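A.B. asks:
In this note's numbering, the protein residues as written are 15 to 111.
Structural data, given as structure tokens:
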């Protein structure tokens with residue numbers, strides 16, 4: 015079993031309030047959860063209007079599958095009109111090691 019984790023550091027240029035930011039983040043996280051059955055959470059920059067950091071994780075039987083799913087999630091985030099990716103960092107963890 016492998017756990018794939020990707021951290022997305024995002025810029026949300028159109029936001030003028032935390033309420034607008036929450037709407038964008040919630041819509042994006044809901045889309046990721048429903049399309050990919052992945053766990054998603056906002057993990058940093060909760061108090062900034064135009065920044066967000068999302069942590070996304072998937073569990074898979076092999077590294078290829080985990081990387082493939084996270085790559086598809088990254089493509090979804092890249093296409094999301096309201097956000098820009100500043101940085102994306104992918105890591106794989108084997109809990110049995």
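We put the CB at the ideal spot given by N, CA and C, even for glycine.
As the structure is a computational prediction, the values presented were derived from the model and not from experiment.
1) My guess is that residue 17 and residue 83 are in contact by the Cβ rule of under 8 Å, so how many angstroms apart are they, rounded?
2) Beta-carbon separation of residue 50 and residue 87 under 7 Å?
3) From the DSSP secondary-structure annotation, give me the bridge partner or partners of residue 32.
4) For residue 75, which three-state DSSP category applies?
5) Helix, strand or coil for residue 42? Go by DSSP, reduced to three states.
6) Identify the residues that DSSP records as bridge partners of residue 58: which are they?
7) Cβ of residue 68 within 7 Å of Cβ of residue 56?
C.D. replies: Reading it off the structure:
1) To locate residue 17, count along the chain shown from 1; it is residue 3. To locate residue 83, count along the chain shown from 1; it is residue 69. Between residue 83 and residue 17 the Cβ distance is about 12 Å, and since that is not below 8 Å, they are no contact.
2) Taking the chain shown and counting its residues from 1, one reaches residue 50 at position 36. Taking the chain shown and counting its residues from 1, one reaches residue 87 at position 73. Against a cut-off of 7 Å, the Cβ pair of residue 87 and residue 50 comes out as a contact.
3) On the chain shown, position 18 is the one that residue 32 refers to. Per DSSP, none; premise fails for residue 32.
4) Your numbering for residue 75 matches position 61 in the chain shown. Coil.
5) Counting from 1 along the chain shown, the entry for residue 42 is found at position 28. Residue state, collapsed to three classes: helix.
6) As a working note, residue 58 is residue 44 in the chain shown. Its beta-bridge partners are 67.
7) Position 54 of the chain shown holds residue 68. Position 42 of the chain shown holds residue 56. It is a contact, given that the beta carbons lie within the stated cut-off.
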